[in-house]
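Written out below as C-alpha cells is the structure these notes cover.
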Amino acid sequence: MPELPEVEVVRRGLARWTTGARVEAVEVLHPRPVRRHTAGPDDLVARLVGARIDDVVRRGKFLWFELDTGEALLAHLGMSGQLLLEPPDAPDEKHLRVRLRLADREGGALQGRELRFVDQRMFGGLAVVDLLPTPDGLPGGTGGAPPRAAEGHDDDGVPRLGVPSSSRVPEGVAHIARDPFDPHLDDAALLARLRTRRSGVKRALLDQDLLSGVGNIYADEALWRSKLHGERSASALTRPAASRLLGDVRDVMAEALAQGGTSFDSLYVDVNGASGYFERGLAVYGREGRPCPRCGAPVRREAFANRSSHSCPVCQPRPRSASGR
DNA sequence: CCAACTACCTGAGCGC
DNA sequence: TGCGCTCAGGTAGTTG
1 MPELPEVEVV
11 RRGLARWTTG
21 ARVEAVEVLH
31 PRPVRRHTAG
41 PDDLVARLVG
51 ARIDDVVRRG
61 KFLWFELDTG
71 EALLAHLGMS
81 GQLLLEPPDA
91 PDEKHLRVRL
101 RLADREGGAL
111 QGRELRFVDQ
121 RMFGGLAVVD
131 LLPTPDGLPG
141 GTGGAPPRAA
151 EGHDDDGVPR
161 LGVPSSSRVP
171 EGVAHIARDP
181 FDPHLDDAAL
191 LARLRTRRSG
201 VKRALLDQDL
211 LSGVGNIYAD
221 EALWRSKLHG
231 ERSASALTRP
241 AASRLLGDVR
251 DVMAEALAQG
261 GTSFDSLYVD
271 VNGASGYFER
281 GLAVYGREGR
291 PCPRCGAPVR
301 REAFANRSSH
311 SCPVCQPRPR
321 SASGR
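Reading the first sequence from the start, the letters are residues 1 to 325 in UniProt numbering.
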C-alpha cells in the first residue's frame with residue numbers, strides 16, 4: 001500500500017544508487033506489468049538498453065527515471081510493487097516481473113547490482129514514455145537531484161524535496177496533480193478547488209487529479225487529526241478547516257517519511273528490502289476496536305467505496321445528512 | 001467539468 | 001485437505 005511517503009523513500013534510494021548508471025540489459029518476465037507500454041515488451045527493452053539514468057523524480061505516487069535519451073522510465077508501485085537493488089546472484093523473487101541489469105557508474109558505487117521490479121498483485125507497472133513540457137512551465141515533479149535540489153524543511157517542518165532538473169513530466173502523468181510536498185503546489189488554488197467539490201471530503205482527498213499522493217491510509221489519518229468525518233461535504237468546509245486539513249495531510253506524511261514509511265507486511269519495502277516504522281504512528285487506520293489515542297473511544301470501521309474507512313466515532317461524528325454541514 | 005461506478009490482480013485468512 | 005468466499009486498494013475507463 002505505498003502512498004507518497006513510501007514512494008519517496010524508494011525514490012531516494014533509487015536516486016542515490018542509480019543516478020549515472022547505464023542500463024545494460026532488460027528482461028521482462030511477465031507482460032502485465034508493462035501493459036502501459038503500448039508498443040510492447042520488446043520495444044520497451046530496446047528503448048532502455050544503453051540509456052543512462054540522469055535523475056529519479058516523483059509526483060504523487062508516480063516516479064520516473066529521466067534518461068539521457070530524452071525519454072523516461074515511468075514506474076508505479078500500485079498495491080504491491082517493489083523496486084529493489086540487489087546483487088545479480090540473489091535468487092529471483094517469486095513475483096519478479098522485470099529485471100534491469102545496470103552497469104557500474106563511475107566510482108563503482110552501484111557495485112553491479114540489479115534493479116528488480118517485483119509485484120505480487122500487478123496493479124503497478126513500468127513504461128518508457130516521452131517527457132512533455134508542463135502546462136504551467138514550472139518544474140515537473142518533486143524530488144530532484146543536486147545541484148539545485150535543496151532538501152530540508154521549511155518553517156512548518158514540512159519536507160521541501162527540491163526542484164527536478166527538467167520542466168517536463170512523462171506522458172500520461174500530466175493529469176496528476178502536484179502533491180503536498182511539491183514546492184510549486186499552489187495551496188490557495190487547491191483549497192479553493194477543494195471547496196467547490198460536491199463529494200465527501202475523503203473522496204476529494206483521494207482524487208489524484210485534485211491533489212496527488214494521498215491514499216486510503218493517510219486520508220484516514222489526516223481526517224482523524226482534523227477531527228473530520230470523511231463523508232463531510234468538501235464544499236461545506238470552512239476555509240480555515242480546509243487549510244488545517246491540508247496541514248494535517250502534510251504533517252502526517254512528513255512524520256511517516258521520517259520513519260521510513262508505513263509497512264504492514266513485507267509488501268512495502270525500500271530498495272534494500274527494509275520495512276518502515278510508521279505503523280506505530282497510526283492513530284486509526286487498521287485499528288478497528290482499539291482506543292482512539294485522543295479520547296479512548298473504540299475506533300470505528302465503515303465501508304467506503306469498496307474498501308474501508310477508519311475513524312473515531314466521538315472525535316469524528318458522521319454528518320447529519322449527505323450534504324454534510 | 002464533475003461524480004460514481006467497475007475491472008483489473010493475487011494471496012492471506014476464514015468458515016465449513 | 002480443500003473449496004469458496006471476503007478483503008486488501010490505486011488507477012483507467014465508462015457512464016450519467
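The C-beta atom is built at its ideal place from N, Cα and C for all residues, glycine as well.
Just so we're clear, the structure is a prediction, and the values are computed from it rather than from any experiment.
Classified as exposed, T38 has fewer than 16 neighbouring CB atoms from the shown chains inside 10 Å of its CB. In the three-state reduction of the DSSP assignment, G78 falls in the coil class, being assigned neither a helical nor a strand state. Excluding its 5 nearest sequence neighbours in each direction, L96 has C-beta neighbours in its own chain below 7 Å: L29, R116, V118, listed in chain order. F123 and V299 have their alpha carbons spaced roughly 29 Å apart. If you draw a straight line from the Cα of A75 to the Cα of R22, it is about 17 Å long.
Assignment of beta-bridge partners to I217 by DSSP yields no partner. Per DSSP, L29 lies in no alpha helix (DSSP H) segment and is marked neither H nor E. DSSP places P291 in the strand class (E or B) of the three-state scheme. Counting C-beta pairs closer than 8 Å gives fewer than three between the segment 42 to 61 and the segment 194 to 206, which falls short of the contact rule.
W224 is the residue among W224, F304, G286, M253 whose C-alpha sits nearest the C-alpha of P317. In this structure, the beta-carbon distance from V284 to S263 does not fall below 7 Å. In this structure, M1 and I217 form a Cβ contact; the two beta carbons are roughly 6 Å apart against a cut-off of 8 Å. Counting along the chain, no alpha helix (DSSP H) covers P170; the unbroken beta strand (DSSP E) around it starts and ends at 168 to 170. Ranked by Cα distance from V128, the options R36, E3, G112 are led by R36. Per the coordinates, the alpha-carbon of R113 lies some 5 Å from the alpha-carbon of E86. Boundaries of the alpha helix (DSSP H) around G13: 4 to 18. Between G261 and G276, the C-beta gap is smaller than 7 Å, which places the two residues in contact. The continuous stretches of alpha helix (DSSP H) do not include E114, which lies in the beta strand (DSSP E) extending over residues 114 to 119. A contact is defined here as three or more CB-CB pairs under 8 Å, and the segment 174 to 189 meets this definition with respect to the segment 57 to 71. Apart from the 5 residues on each side of it in sequence, A222 sits with its Cβ closer than 6 Å to the Cβ of D248, V249, V252 in its chain, given in chain order. For the options C315, R16, V271, the alpha carbon positioned closest to that of S226 is the one of C315.
The continuous stretches of beta strand (DSSP E) do not include S233, and DSSP gives it neither H nor E. The beta carbon of D68 sits closer than 7 Å to the beta carbons of A51, R52, D54 from its chain, once the five residues preceding and following it are set aside; these are given in chain order.
Bridge partners of L96 according to DSSP: V118.
In chain order, G276, Y277, F278, G281 place their CB closer than 7 Å to the CB of Q259, counting only its own chain and leaving out the 5 sequence neighbours on each side. At least 7 Å separates the beta-carbon of R11 from that of L77. At a Cβ-Cβ threshold of 7 Å, V98 and L73 do not count as neighbours.
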